[in-house]
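All remarks here apply to the structure that follows.
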Amino acid sequence: MATAPALPGGFELPLEPRLPRLGSVDAVALEERADVLSKRSIKRESKVFALDLAIRMMDLTTLEGADTPGKVAALSSKGIRPDPTDPGIPSVAAICVYPNLVPYALERTRGTDVKVASVATAFPSGQSPLEVKLEETRWVVEAGAQEVDMVIDRGAFLSGRYAQVYDEIVRVKEICAGRAHLKVIIETGELGTYDNVRRASLLAIAGGADFIKTSTGKAATNATLPVALCMLEVIRDVHEETGRVVGMKVAGGIRQSKQAVQFLVQVYETLGLAWLTPDRYRIGASTLLNDVLMQIRKERTGRYQNPDYFTVD
Amino acid sequence: MATAWDYAPAPEARDIVRIQERYGLFIGGKFVEPLSGERYTTIDPAREEPLSEVAQANQADVNRAVKAARGAFEGTWSKLRPSERAKYLFRIARILQERSREFAVLESLNGGKPIRESRDVDIPLAAAHFFYYAGWADKLEYAFPNRKPRPVGVAGQIIPWNFPLLMLAWKIAPALAAGNTVVLKPAETTPLTALLFCDVVRQAELPPGVVNIVTGDGRTGAEIVAHPGVDKIAFTGSTEVGKAIQRTLAGTGKRLTLELGGKAANIIFDDAPLDQAVEGIINGIYFNQGHVCCAGSRLFVQESIYEATIAKLKRRMKTLRVGDPLDKNTDVGAINSKQQLEKITSLVQSGVDEGAELYQPPCKLPERGYWFVPTVFTNVAQSYRIAQEEIFGPVLSVLTFRTPDEAIEKANNTPYGLSAGVWTEKGSRILAMAQRLRAGVVWANTYNRFDPASPFGGYKESGFGREGGRHGLEAYVALDDA
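Those sequence lines, one after another, are chains X and B. To convert, note that position 104 of the first sequence is 104 in our numbering; the numbers rise steadily by one, no gaps. Each number in our numbering comes from the position in the second sequence (counting from 1) with 313 added on.
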């Protein structure tokens, strides 16, 4: 192929027909599609399939100022064996905590398949000097976290300093490479438009994200169905154009089984069965698990059980 | 690991609907036996099972209905205070909302359309039309200032089978709001929601004779058109029948509005939001099995994004769920009738014969009933029948263009002119295209969106007159020309 002549930075010559590198998103049509998918009626065995999957994909999360070693240990135990009375219930995918609590989560999950994820890079705001963010990342990786959930610098993004955002992701990725999976939180609730969601998703993927993730759970708006669909479409475009597989994590505000099933339907009808695995899709949640357990038992026994029969951790 | 996530069947319960074994004609506020003594069977096209026996009205029946409508027009309805007329229309709208599930299930049973569409589109929109025109009933002076709007008289209305209740609402709501009475004939294959609507009319205590419903095939329609006591004809259906009606009415002084066929262009520019544009293509042609007069049946894609668009379109088609109309997860339901299925099949065959490239996603169809796999043709030339004729089925023809001028030229190169779609991020281009497309409705970055406040109707062989909005009242009022 011909080499493009030198052009001022930022200009790219279209040398072959292909998808627009950036592309745009139409809000009305996106929301309409998300709405149709949210009305799928998932019953009986297809519901049990989804609920079982939702547990295996769950990043059981606690991200509070009040977190203690005791709280994290209890949560880890719950994640390993969500329902002590039912051995058929799988473990969750990971326990997601603040850096200081990584050692306690690791201690409890050792010898199991449950991974430990740590937030990093001045979560949730990302408003700290780059060196601090990198040092924090280094610390959690060395402490043994298998997954790192970083946040992008929304201040930089919204003021148009995309190169800075990209750069930070690349630097964090360098630290994680080969040692920990990198999930990049774009905090959709602060981005304002779906076009921005698409742009930030592409930046994160270009920077080396293994997963892109909707939210910190700390903003006013968290993972919504249209936002998640928008991000899945980015992942699909990237996969189709380059073959690269990027995972997706939704987080924040997902408390009920019904919501979890709605997100999974989206994945199934957008990216297909290949993405319905914990290696490619995660649901970050703190209180969802017990509702899923309750629904599974309801599907098995035909009735709802008192919440006291499900452990609180 | 599962190989597929098969959604368990999620059928809407059908026991909410009580279908009678046989129906009479609704004339003068009650069901009467047809004088013709004839009945025919109406079926569920998804199962090929009979649902009920409905009357085949003849000349004497139509005459009776027109007399009842005339009596009600002169006796009560035209003399009623406009705000009183509004009251009845509001009542009908509310009852439709209250009974929406019943209507949705019946619509899907008799017509084959997915319950998702009858539940989320047809029935809510039908109610919305009654609400909207109820609001106009006592404000006609403001709709036509200084022109003293008066009712026309008895309106004869003939509607199609693709949106049975919605088309009924489009016809009846403005007619009644303006003070007319009506004789309406639902389509031969889909009379049941219109017959259930008679129950709503009674529940709303509408004066007898204001709404009369006569069922039957084209012969009944011809009787309505020819009846000297009818002041206005409103017809929605095929261009062929529309032309015949216009010939019959020539010189009679009867008013006429026609909403006929279409072969709409859905135009995708290279800067369009592609994933959403693909949703728009899907919604444009596979919505209601393509039984939509404004369906986006000709897709024009700018050549620079042709391959990407077709790849996305084909992949999306694989996720369409074709099957039981009553299943809440069904996207594409049954073809309305055997006759329609044969027409679609023969036109698709002509596309193959003429050399277009056919694609159909893998798809398991039910054994009984009338079905057609969602189909797309690429490599279509403007001269092929599939690019010229209205197929009225889930069949899309894809053509390409290079420049906006070429898109306009090709899009307008059709005897029809009902609707069009434009997909681009550029606002100025949307406006420029809308101005030059000879189509009654132009959708920008969306497709098949309806609202009672927005007028709908065609150019050229797609008909004349507008339905919806203030414009929709015009067909039903006599005006003083200043």
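A virtual CB, placed ideally from N, CA and C, is assigned to each residue, including glycine.
Sequence-distant residues of its chain with Cβ nearer than 6 Å to residue i (five each side left out)
i      : result
X/G126 : V151, D153
B/I618 : D583
B/V514 : V524
B/R398 : A450
X/P226 : L30, E31, A34
X/K183 : D149, F211, K213, K249
B/G609 : A577, N579, G597, I598, G734, Y760
Residue span of the beta strand (DSSP E) that contains residue i, given as start and end
i      : result
B/Y672 : 670–672
X/W139 : Run containing X/W139: none in the beta strand (DSSP E); it sits in the alpha helix (DSSP H), 130–143.
B/N525 : 524–526
B/F344 : 343–345
X/M58  : 58–61
B/K545 : 545–549
B/T354 : 352–357
B/K392 : Here B/K392 belongs to no beta strand (DSSP E), and DSSP marks it neither H nor E.
B/T713 : 708–714
X/H181 : 181–185
X/A251 : 247–251
B/K498 : 494–498
B/V538 : Looking at the DSSP string, B/V538 is not in any beta strand (DSSP E); the run it does join, the alpha helix (DSSP H), is 531–539.
X/K213 : 211–213
Three-state secondary structure assigned by DSSP to residue i
i      : result
B/A578 : strand
X/G111 : coil
B/P324 : strand
B/G740 : helix
B/Q470 : strand
X/E147 : strand
X/M1   : Bear in mind that a pLDDT of 45 at X/M1, under 50, signals an unreliable position, so the number given afterwards is only what the model happens to contain. Note: X/M1 maps to coil in three-state DSSP.
B/T691 : strand
B/V330 : coil
B/R463 : strand
B/E769 : Going by the sequence as given, residue 769 of chain B is Phe instead of Glu. It is a strand residue.
B/A791 : strand
X/I235 : helix
B/I704 : coil
Boundaries (first-last residue) of the alpha helix (DSSP H) holding residue i
i      : result
X/S77  : 69–80
B/V591 : 587–599
B/E722 : 717–725
B/W318 : Counting along the chain, B/W318 falls outside any alpha helix (DSSP H), and DSSP gives it neither H nor E.
B/A557 : 552–562
B/T622 : 619–631
B/I699 : 698–701
X/Y162 : 162–176
B/D512 : 505–516
X/I205 : 194–207
B/I436 : 436–449
X/V267 : 257–270
Residues that residue i bridges to, as DSSP identifies them
i      : result
B/F777 : B/L571
B/R335 : B/E366
X/A285 : X/L60
B/D640 : B/P324
X/I95  : X/L60, X/V116
B/Q615 : B/F714
B/V645 : B/V635
B/W756 : B/G734
Neighbourhood of residue i by C-beta, 7 Å cutoff - its chain only, sequence neighbours within 5 removed
i      : result
B/A323 : D640, K641, N642
B/A406 : A440, F443, F444, A447
Contacting residues, own chain, Cβ-Cβ under 8 Å from residue i (five flanking each side not counted)
i     : result
X/A54 : S257, A260, V261, L264, I283, L288, V292
Proximity test, residue i beta-carbon vs the ligand HEM heavy atom, cut-off 6 Å
i      : result
X/R161 : For the structure depicted, the ligand HEM is absent and the ligand set is empty, with no information on it obtainable.
| field | Touching by the beta-carbon criterion (3+ pairs, under 8 Å), the region 467–479 of chain B and the region 543–561 of chain B | value | yes
| Between the region 453–465 of chain B and the region 482–497 of chain B, do three or more beta carbon pairs fall short of 8 Å? | yes
| Counting Cβ pairs closer than 8 Å, one from the region 445–459 of chain B and one from the region 418–428 of chain B, do we hit at least three? | no
| Does the region 701–712 of chain B come within contact of the region 594–607 of chain B, defined as at least 3 CB pairs closer than 8 Å? | yes
| field | Inter-stretch contact (C-beta, 8 Å, three-pair minimum) for the region 101–119 of chain X and the region 71–89 of chain X | value | yes
| said: Tell me whether the region 297–313 of chain X and the region 336–347 of chain B touch, counting them as touching only if at least three CB pairs, one residue from each stretch, are closer than 8 Å. | reply: no
| request: Report yes or no: do the region 219–238 of chain X and the region 191–202 of chain X share at least 3 C-beta pairs separated by less than 8 Å? | output: yes
| So, do the region 22–39 of chain X and the region 298–309 of chain X have three or more beta carbon pairs nearer to each other than 8 Å? | no
| query | Is it true that the region 744–763 of chain B meets the region 714–723 of chain B, where meeting means three or more beta-carbon pairs spaced less than 8 Å apart? | reply | yes
| query | Can you find at least 3 beta carbon pairs, one from the region 568–575 of chain B and one from the region 663–678 of chain B, that sit closer than 8 Å? | reply | no
| Counting Cβ pairs closer than 8 Å, one from the region 524–541 of chain B and one from the region 360–375 of chain B, do we hit at least three? | yes
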